[in-house]
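Note sheet for the following structure.
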Amino acid sequence: MIKTAPLDVSRYLHDETDIALFLEAAAQEAAEADDHNIFLAAIAEATKAKGMISLMNSRYV
Numbered sequence: 011m012i013k014t015a016p017l018d019v020s021r022y023l024h025d026e027t028d029i030a031l032f033l034e035a036a037a038q039e040a041a042e043a044d045d046h047n048i049f050l051a052a053i054a055e056a057t058k059a060k061g062m063i064s065l066m067n068s069r070y071v
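Residue numbers (my numbering): 11 to 71.
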C-alpha cells in the first residue's frame, strides 16, 4: 500500500494574486458542481495562506 499525505494547498499560495486565482477557480468549480462546500473549503485554505503570508511579511520587514 502506498502512503500518502494530505495536500496542503495553502503552501502553494504565495501572494494575493495566487489566492485570487485559486478562489476564482474554486468558485467556478463549485458553480459547475453545484456544491458550495468546494468554495468554502477554498476560503479556508486561502485564509490559512493569508495568515502565513502576513506572518512572513511581519517577521522579515
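Yeah, the Cβ is synthetic: ideal placement off N, Cα and C, and Gly gets one too.
- Annotated three-state conformation of Met11 is coil, per DSSP.
- Look at His46 here: in three-state DSSP terms it is helix.
- Beta-carbon to beta-carbon, Leu23 and Ala51 are separated by about 13 Å, too far to satisfy the 8 Å threshold.
- Contact between Ile48 and Glu39 holds, since their C-beta atoms are separated by about 5 Å, short of 8 Å.
- With a beta-carbon spacing of about 14 Å, Ile63 and Asp18 fall beyond the 8 Å limit used to define contacts.
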